[in-house]
Structures are given as C-alpha cells and as structure tokens.
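Protein chains in written order, with our numbering: chain R, 1 to 184; chain X, 185 to 430; chain P, 431 to 1159; chain L, 1160 to 1642. Following: one structure in structure tokens, then a few remarks.
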C-alpha cells in the first residue's frame, strides 16, 4: 500500500503532482502576504494627490502629528468647511459619501492604512521634531489617491532609521535602541 | 540592514552596577493598606482582573500588592506595617539574565527593568527568579466584557495570554513627561509627574522621582537613616527604599 | 475575475495571511481591518491622540472628593484626585479609582424600562417621552403627601431640587439614606455634638495635628465620614516633620484596618466603650489634678477593668498617655456607637477631649464647616427614621415611591421590612444606573446617567477645613440611553403642571444648577470669582467646584461638656448566643462597590480576601469549636441566619465574630450577584437613643455546617499563618 | 532454524570448579555462539513476528492516550492558556518541567550504556546498546514536547533559536534556558546519529532478509552498506569518534539542565553541586528505565531470552547499585551544605520538604531511590532476577520523578516572600504527562517492529572476539582485538 504510493509518486506524473501542490501552497501563502500589503478599500476614494496639488499641507488635516502621538484623521466638519464652498461637491459621485455623511450626521468609517501593532507606542511628535518629513515614512502623497504604505512598518525598518540617525552619538543610540522607547 | 556589531550598546553589560535613574520611597509607617495604589495601578496599566477562583490560586495580576503579617498572640497581637511590594526596578536584576528571548531587559536609557510583552514567549523563568515575586503572568486570555475595554489606557499595551507583565514605574508617564519637557526645551522637573500609585495614595506614603538627582524629593527622603532596601543582600540593587517607621 | 470575487477573495486571504503572520510573529491582533471613526466635529479643545482632563466629583461615596478625569477621544481613561479640591488634595481612595468600572460596567441599565411584574427579570424598553409621562402621571395623579423620594446619602443638587419640589408642593421631604451612614452612626455623632456643644453638626477631628489619638471604634482610615481626608490626617499624625511622631490607640473588639495601624490595640469587651472612656477620663483627671469633673464621677476604674477585660494597669497607662500629652484627641465612631448606649459612648468619648482642652484647637475637635450654599447641617436619615418611613409605606400612606442613589433592599437590614412594605406602595420608580435589588422590585427603571456623565454639585459634609461645594460635569457623553434624573423631574413637573410646574420653572438641569450656584457669585473669599454667570459656571466646572479660601471650622462651645452626667451603663445586647456580632463595612467595596470587578479583585486590607464574604473568628475559639479556615458556619441571630466561610482572624476577641458588609447581592450585575452574604440580614430592629441602628448590639450563635468553601486570599496562608508548613521545629 | 531454548538456559551441568566453562558462559559473556545465519534469523523473526491481538490492543490504547491526553489536551492548553495547568505564583514552573528533566534523565542512560560502556569495552553491553540508544532518542522527544508544553506562547518557540533577523534580536546567551535548548538539540541530533551508525549493518542484514516495502525501507536506511572491509573501517572510525564525542555532550546536557535551577537565586536551588547531582540522578533514573525496557523486551519478544540474559541484569544491577550510592552521596552532600549554610529561607525549605504537606513524597523519594535499590540489588541472586530488577527500575523511576517534583514545584513554594507561598495543585499536566509516557512506550512498540532491537553484528563480534580456551585444567576467556 505504502510502497505503491511511493512508487506512484516516483513517476514523472507523480513528481509533477507534488510540484504543483507545493507551488499552489506557496502561491496562496505569498498572495495572502501580498494582499495584506495592499491599500485597503476606503469609504471614499480620497484623492491625496489632488489635495496636495492644491498646496494643502499635511499638517492642515493631520495636525496631531506635530503635537502628539497620533496624527489623526480630520473630522468631517473640517472637510466640509472647504467642500461646501466648492461647487463640485454637489455633483461629484466621489464626494457623495461625504455629503451624505455630513447631512445625516454619521461618521465616516475610514480604514487605517499606516498602522503599527498595539504593542508599539509610536509618537509622531518626536519624529517631526527630529526633522523627519511625513513623506519619509508615508511616501509621496502627491502620487497616490488613497494612502498607501511605501513600506511595511516593521521593527527592522524602524530600528534601521533609529540607528542611522543616532550616528556616533552614543547617548542618542542608547535612547533610540532601547526596547522601552517603543514597547511598554 | 544593521548588524549586531553596528550596535555597540547591544552588548548588555549584565552584572555591572547600574547607577539607577528612577526610584521610589515608600513610608510603611503611614501606609494604611487602603489599596488605592493597587486600584490606581490597575486602572492606569490596563491590568486585568481574574475572578474568584484564579485570584484565590495565586494568579491575581496585581502589579503592586500590600503585604501584612502578624506579630504576637491575642491580645497583644499586632499587624505589621503594611508593605507595598512592587517591582523594585533592580539595578542588577535577577530576572534579566535568565530570559532566553531578551523579553525582560534592562533599559539603558531609563535604568528600568523592561518587560517587552511582544517578545515574551512565556517561559516564566524571570518570575521564578524574581526574589520579590512581583511578576504576574497572563495565565489565560482574561476577558473584559464590553464596554469595559473603553477604559483602556491607549498608552499601555493590552497584554494577552501567555506573556509576563510587571510594574513598569509607569514608563508611559515617564515618556510623556520627557516628551513634553523636550518639546518645551527643558528638563523634566522633580514632581512634575508621578506614578499612578503615588498619585493616588491618600496618605502620600509613596514618593517617586530621580534617584540620581541629589536634590530630588525622593533622594532627600532616601537619605533618612532608617530606610531599607529589600533583599539588598542578594546584590540586586533595588531602587525602592522602604521606611519601616514606628 | 470579477471585481466582487476579487474583493471577497482579497479579504479572506488577507485575513488568513494576517492571522498567520500574527501567530507566527507574535504580533498581536492584526488590527488592519478595523474601522476608525474620526470626530464629526472635533471639539476645539481636543487634539487627536491627546488627553483632555475634566474636573468633576466622585460619586462613589457621599464624601464628595474632587476628581480629575483623563479622557482620550471621548472615552474616560483614568480618574485622579483633584489637587485643587481642599477635601482630597489630589488623592483618591480605591473606590474613586474604580469608578470607571461603574461607568463602563457591562451590566448598566441601558434604557428606560417597564417591568412586567416586580422582581421579574422581564422588562420592556420604553422611550423617554413615555417614561417622563409615567413620572408626570405619578406626580399628578397622587396626593403630594402620598409621594415620597428616597435618595442616596450625598447632599447633592438632586436633593436640593427634590427638597424644593417637596416644600413647594407638600410632597414628603426627601429622605437620604445609605448603609455607610448607618454603619458610621452619623446620627449619634451629631446628636452627641448637639447634647454637648449645643449644635447638631458633624464634628471634625484634626487627627493630623494631634499627638495622641484615642479612637473608640472609629474606622476613619476605611469608610468613615471622609476617608481620604482622614487618611491625610493620619499621615500628618505619623510624620515627624515639625513635631514628634504621634501615637495612636484604637479601642475595638475586632481589629479593623484602622486598628491595624494603631500603636496599641485595646480589645475591649463590646458594650463597655463608654465605661472605658469614662474610666480613662477619671484616671486622666486624677493625673491632671483638680476637681473631678462630674462626667467621670459615676465610673469605677477597677470595676471597669473587670467588665471591659482591660487590665487596670493598661487603663492607667493609657490615662497617663492621654493626660501627659499636649495634643490628645479622642474619636468616637463605628461599632462603638452602633449599640444601645451609643449616644453615651459618643458623649463620653467627646467629653474626654474636654480634659485635653482641645476644642477648636489644632489637633483637636472642631465642628465641620457648612458647605458654601448650605444654611444648616443636613443629616442623612437614621435607621429609626427609615423604619418610620417603612411603617408609613406599610400603612399604605405612600402611593408613589421614587428611589435614586440608594438600594434600600440591600442596604437596609431585612428586619426593617422594606421588602414587605414596598408591596403596599402602588408604584415604585427607580432611577438606578445599575440593575440593583430595589430596581428589580421597582415597576419602572428610568436610569440616571453615571456620575461621570452628569452635571451637578455635591456639598462636602466634613473632612475639609474650608467649606467646599464640589462641582460635577459630564466627562464623557452618556454611553447609553440614560437621562439625568433632574431633567426627567423638571420635564415631568412641567407636564404635571400646577404647583409642580411652578416649583421647577427650569429649562433643564444646567439652568437649575446655574440658579443654585449663581448665589455664590457675590460671596467674598471664594476660590473663584467672575463678573458674569457664564464665566463663573465655566470656572466652577473647570476647577471642579467652589470653596472658600479660609478655614471656617467652628470651635465647639465646650462649656459644660464635663459637667453633665454621662451614663456609665454597659450596652444591652439583643438575641441569644455566645458571640458578640460586629458587622463592618468592607473598606474596598463599601455599600455599592460589589459590581465593579476590580474592587472585587482588591484584597481586603485586613484579611486579603477577594470576591467573597467571610466571618472573622478568633483561632482559639474556632479551635475549641472544631472549626477551621474555610469551614462554612451558620450564624443565627434573632433576625435571621446566614451561612458564611470562616477566616481565622488573630486580632478579634474570642467572644466576638465579625462579617464585612458589601457582598450578598441578589441583583446588581454579574460581578455582584450571588456572591457572599449580607450581614444586614442578621440585624434586628434595635436602635440607640439617637435613632441609629444598634448594629453592633447583637448576640449570635454559630453552628457548623460541615461544608467547606475556600476563600480566595491574596496572602499565603502558609507564609502568613504558618498553616500547612508542617509542625514546628 | 528454531533456536533451542535448552541450549542457553539449561546448559548441561558439568561444572568442575568456579571457573568452569558453563559458569563463565552463564555469568559473563554469551560464549555459546550460534551460527551467524541462525542468529540473524532469530533477530529477524523477533521483528517480523506477526503481532498478536494483545499487541494491537496495547498499541490501540496507547494511541488513544497519545491522541487524547497528549495532543488533544495540548491543543486545549494552547488555546486556553497555561491557566489550565496548576501553575501560579509562586509555582511558575510545574510538572511540565518536572517531566522535561525526568525525560532528559531517562535519555541519559542510553548514551551512558552505549557510549561509555563502549569506550570502556564493557563486554556485557553488546546485546542491549540498541534498546538503550532508542531510549535516548525517544526520551528526548518527550523532553522536547514537555518543554514546549511549558511555554506560554509555544508558537513563538523559534525565537529561542539564533537566526539572523532585521530586528537585531538574538537569544540571550546569558540565559540557561537558551543553552538548554541548544544542548538538547545538539544532544538529540548527535544521539540520533549515534543510534543510526551501529544500526547500519543491522538494517543491511534486514534488507537482505526481507521483501516488499520493508526491503525498500531498509534499503533506504542501510545507505547501500555491503559489509566490505573499507565500510567496516569507516563505520568503526565514525562510531569511535561519536562514542567519545557524545560523552561530553551527554554530561553537558544535564549539567546545563541543572543550571536552570542552580543559576537561579532561589533558596534551595542556588547550589554549586547541582551539576553532578543532576547527572548522577539522570543516570539513576536512566539505568532504571533501561532495565525495565530490557525486562519487557526479554519477556515479550521472541528469542530475546538468548540475547538478554540474567547475567546482563546482574551486570546492570551492579551499576544501578553503584549509581544509587553515588546519588545518595550527592543528595546527602547537597543537603548538608544547604543545612550548614543556615540561610533562613533554605532552612525553611528543608523543613518544608520533610514536614510539609508533601513530606510523604520526600520520604518516598529516599525509600525508592536508596532504601529499596540497596536492599535488593545487594543480593546477587535477586540482582539476576529480571522481573525483580525491572521492578526496582520502576521504583527508582518513581523515586527520581519525585525528586524532580520536590526540586521544582515543591521547592518554589518557599521563596523569600512568605506572603506569596502557595502549594501547587497540578491540573492538565497530569494527563499530558501520562500522554508522554504513552508516546514513549508506543514509539518503542513501533520501533520493535521496524528495526532490529538487538545489534546482532555487535553480539556476533563479541562472540567472535571471545573464546573459551583451555590452559591445562583452567578454562579462560581469550580476547582477540578486533578494533
């Protein structure tokens, strides 16, 4: 019984079957990981590039970044402050959800894109204060519609930058590579 | 990619004396054992409750516990001075070298014993080796039913099953105060912030601050002659000083 | 591949991928597919990710401590003491910390409810309009004298509103009651003050300034009057900064948490507190010399020594200690007053202070200052007054009963018969935030906001040298479909019309509050001042209340405190049995903490028991009876019986047993229900002269049941008591 | 080809004196050689014998236990957390680590028997090296399982292995646990190879005598071994190297295991003698387990009474006696040092061991590990009685399990914070521990049907090398050096 299976597998056909199975499993795994890196679907296909092209600064909508841990999403009141003066708001299908949300008083359910796990205590302020620009981590927003991560926010990526920015400054290196700087 | 050799400090100097940075002084003479610190700690640090059965079997998650013993026989019986026991943030901690995964490491920057929850694999060696027995382990995925999680402190990781946890000296408050001071271009002032337990204590029995600053309140208090450090004979260099008083 | 298919595929695979990576890397829950709701309109004082702090008042007990609540994005995260509030100066007790477990308790009453029948669990959700109509009908369709309000102990704005309503319409004046007040014997304390000083006020004991403190049963470090303030005083007593470390002696038959901090703990026989106080007074007067005050004439120290079980030498030593100190202070309280002769105990102990001549002096006895908008001390109802009220209910004189902030079915001793009398009340409307026992027996539950969601103020009865009115404001918006009881009453009164409408001519709660607080605008020496009401109210909320800047404690007129005769009788005990019975309030749970899981998980300060009730028994006695730790025993009193596991407590008289009050709920949410027992079930209807329940005046029997129920202790029974370590070397 | 039982057991009585031929045959060596072919056939037959219903019944029961108690309960443990076990503060370590130490201990005897006795050329070792080596591998499997059961987040166990990563995170080489894992892995790999090397000629023999899938199986395992002179030389060299190299590995493993305790600051644990104490303890339980295995093999498998004889039990019995004495010495030494130390916590702990609620276990340990072995193994006749020695082996293992139980959960009850002392009450560990025992037995039962449990070439080698020669009236054993 076992031998026959072995024997069958040793045939060219068997080898091909084995190869296909392995390849399929691998592809599914790869695709699964790949999909997690894609920008999620948003309630509104927010065109970052349009807003950036108008010269709106990042901090106008995400002011928390310079003040504290979270950059934050703008309230719809903030969106509406400009948009209710723009004629296109009334006509554009893209903007219909915004209009709907403002009129019905329901919050817009954004899907967070740039995220770190719960056990990472990230503080925007310190990074802005250290001279980092938004696009250093979040990519060039003038090129994307809805936000996309240019890279995976994993620990190696964080640490790489931390060590590089510390340079020869030993004290800074101690602080920036301390586990307790991000994990508590 | 950065390699190990790039990081000169990654060679953790275990066994070397640490000077200590943050410290605490606890006056047992005025501690009334009221448990306000325990509750404050639980609320600040998202500590879970475990229920009657598990708490009666030594699985409660208190990061700080108040010990009391008895002296003498009735009627000359006396309750010993309440002894709040929490992580002593040892300068030479016994928990640190035994963790195989570097999940409990010494913070070179803050001179604290860190517990990195996401690195913990749950061998529980650190807790076994802690002479103060102040570490608590997440024996189960203790559920906090909705809407209790609304109360979670966003600055503190919510721990899950299988990881060790312990007092952090409210490191989130340390970071917050340092961040605030830095944004204002100054140093953190003594007494500008304190830990949750010290903040709540109605008797003011707990004082927290910089032990490496001789002018700080905690250093001044620690100079008093009758302060003791628990199990100092083990060479753990604890950073909590107790006044037995009385 | 269609768009739809691809999306589903995407989500499924992404989920699998995320779960796999979460498992393999230990990265917690992949929160990538969570939704994030920004503010629709961000409050201008808010920033993303930044905390906002609000000042308010703690509602966990009636003390009225100020709180600062940290909120993040509309969620309350942490309570801290309000450092500005002179009562608690930035500190809180454990119950204040755990108040958030009340706010976010999973078992709150979420909507107004109509109960199909009293006591049943089946309810029907109503909308608020219908609910208010029910209240309006209740007001309108009954004679005012048939309407009664039962409220919690806190002297707050709701009490003022209902008092105004009652005085304008002829309704019964609202009764404030709480188990804490009953176990503190507040009525006795103020009655004794009236007898001695001519003023029915709550005495304030300056523990911090004293050199020697004699406490007769007062558990001032636990729940007594204002524990945070008294704990600060205790720290002042102990700290040797400007003076010597003060000494502290506690007289009680069972060592309380407070007694555990005493330098000397004197386990006197229950009922002999007055005798002992008088004997110490007599001996101290002898030491001091001069004529023997009349108050101490009746007592014989030798006789007292034999009756109380305290050696004569000890009495002499204590008297020497009291007489020899410049700052001796004697405090009566707790079980010492909850006896048939409680008033005599209070008078005897207060009279001791006259020897030390400390009235109105630092380290002595004061009368608490009245709160800023208060004209006279408003004492909560005593148990006897409650009994009279229950009788009124039973006689059918009450048709509508409104209950707010109190749970009489749990807090009142069963023997007082509230449960039976409530059947004669045709309509009971509860405003309970939590589904407690009384709410379950009510016809309607119209839930009030949690304290952290509501407006208001609360007068501080005692504990601060300055008059304090603690202010409350919502720190978060209401989580459930609840409504402020003040709003409900105002709207219902408008609907009811007539004198009701004219008594409450307000738009809403805030207008009512403004009206009440605006009177303070013109006062001098206040903590805040503003030219206009809006600014004043903003300051009031911002600072968490209003208080005077000066010490307004009143020095009691000591006049003839020593020249009155004080009865030197022993207390009488009700019931048969070999044990004195001491119920005491659990320091961590108090009367309403049992539904907060972290309060349940806090170890009791003396026994370290969590999540249950126990009976404390002296190990010697237990040994003689063949009882061990965790043995369930049946305690039988004349009023009832209950079964409870034993904790062998080394610091209790062999002839005394003690049970904490706080557990034993039959309703009140998942964390409280069917857990432990309620010692109030054992209490009979016996009162002292001041009308307080003689709760410590019972004798009970103890019977073995043969059942074991292990108690959850934080402490190690091996390490602390040496039990289970093997026989001695 | 049936082997005549009488030949071995009832050799004709014709003794002249103490050095008679028969006496030597019986007492020391298997000097009653059978033809090679016959011996090979005996081994093959013992392996290929059609399993009885009893065999299948036992396999069935054991499989059920393994599936239910070990794997099902383990999945429960992983899903619900370590709270299912009896661990808590202060007993953070429980039966899982008791079992780990226990199984590592058992695995020691295998290497001890085959490597040390091989290096010292103890001839009596020959027939049972295979069974002992299997014990090493199978025991280590259980030890590894037990360690993984113990971990709070076992799915992250790979973090304990050094692998390059972006996060610059490595295992902590200061931690005894890291070394534990490295040592156990090394030991598992090397002992498996050491098991495999002497197996090659035997599977080659089996390959030549089997058909069907077995032939494929053995062909794969035999790696084309044909028995040429060159192959034998290589094999001998390899085995020699391994025999020497694995001895320090074996010593290091249990020393490192002892560091888990000795390097800690706990009273009762922080002892410098734990290294050798643990090794002797491991040998003690390991020899006990080996003798049980031998007794069972001898009793249940065909032809085994030829290969495994009373004289072997006698020889191992002597070893057990000596090891028991050594264990007693170390135990006493450890106890005395701790007792003289006078540290109050250690005093408390020692008192707790004897007089505490688990005091019975302390006394049972001494009775099982010292009193019973000394009383029984002293007697040559009893020592040569397989069932009796096997029983002693079981008793020693019970005693040694107790010893580990006393060292871990009972000792951690007493620490320097009396407020936390609490007695350990095992939960899910018990069924899972039974599951590891079942898996151990099951692996043996499967192995007995798949590979020759007797290293038949080694036996033949021994028989070839030794011969009875007569010098005048004296009969002596002559030895010819083969290696």
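Beta carbons: idealized from backbone N, C-alpha and C, even for Gly.
If I'm right that residue i touches residue j with Cβ under 8 Å, what's the distance once you round it to whole angstroms?
i	j	result
residue 1415/L	residue 1339/L	6 Å
residue 1441/L	residue 1462/L	At roughly 32 Å, the Cβ-Cβ gap does not stay under 8 Å, so residue 1441/L and residue 1462/L are not in contact.
residue 863/P	residue 539/P	6 Å
residue 276/X	residue 420/X	6 Å
residue 284/X	residue 1330/L	5 Å
residue 882/P	residue 905/P	5 Å
residue 1021/P	residue 608/P	6 Å
Here's the rule I'm using: 16 or more other beta-carbon atoms within 10 Å means buried, otherwise exposed. How should residue i be labelled?
i	result
residue 1215/L	exposed
residue 212/X	buried
residue 1386/L	exposed
residue 200/X	At residue 200/X the pLDDT is 47, less than 50, meaning the model places this residue with poor confidence; the figure from the coordinates comes in the next sentence. Result: exposed.
residue 13/R	exposed
residue 178/R	buried
residue 457/P	Summary for residue 457/P: the model assigns pLDDT 39, below 50, so the residue's position carries little reliability, and this model does not support an answer.
residue 188/X	Residue placement at residue 188/X is flagged as unreliable, the pLDDT there being 44, under the threshold of 50; the coordinate-derived value follows with that caveat. Classification of residue 188/X: exposed, given that the 10 Å Cβ count is below 16.
residue 53/R	exposed
residue 836/P	buried
residue 1377/L	buried
residue 15/R	exposed
Please state if the CB of residue j and the CB of residue i are separated by a distance shorter than 8 Å.
i	j	result
residue 300/X	residue 1311/L	no
residue 1059/P	residue 770/P	no
residue 1150/P	residue 254/X	yes
residue 1252/L	residue 1585/L	no
residue 705/P	residue 737/P	yes
residue 119/R	residue 183/R	yes
residue 1445/L	residue 1561/L	no
residue 239/X	residue 1142/P	yes
residue 1506/L	residue 1427/L	no
residue 566/P	residue 926/P	yes
residue 529/P	residue 509/P	yes
Under 7 Å Cβ-Cβ, which residues of chain X neighbour residue i?
i	result
residue 635/P	Simply none; closest approach about 16 Å.
Along chain L, which residues have their Cβ under 9 Å away from the Cβ of residue i?
i	result
residue 123/R	Here the premise fails: no neighbours, minimum Cβ distance about 20 Å.
Residue i touches chain P at which residues, Cβ-Cβ below 7 Å?
i	result
residue 213/X	668
Against residue i, what residues of chain P qualify as contacts under a CB-to-CB distance less than 9 Å, listed in chain order?
i	result
residue 108/R	467, 468 and 470
Taking residue i as the query, report the chain P residues whose CB atoms sit under 8 Å from its CB, ordered along the chain.
i	result
residue 1516/L	1154 and 1156
Taking C-beta pairs closer than 9 Å, name the residues in chain R that residue i reaches, listed in chain order.
i	result
residue 768/P	Here the premise fails: no neighbours, minimum Cβ distance about 48 Å.
Complete beta strand (DSSP E) runs within the stretch 191-277 of chain X (minimum length 3 residues, chain order): 206-211, 249-251 and 267-269
Which ranges does the alpha helix (DSSP H) cover as unbroken runs of at least 4 residues, wholly within the stretch 741-800 of chain P, from first to last along the chain? 742-753 and 772-786
Along the chain, which unbroken stretches of the beta strand (DSSP E) at least 3 residues long are found entirely within the stretch 864-919 of chain P? 886-889 and 898-902
Which ranges does the alpha helix (DSSP H) cover as unbroken runs of at least 4 residues, wholly within the stretch 1423-1479 of chain L, from first to last along the chain? 1433-1459 and 1463-1466
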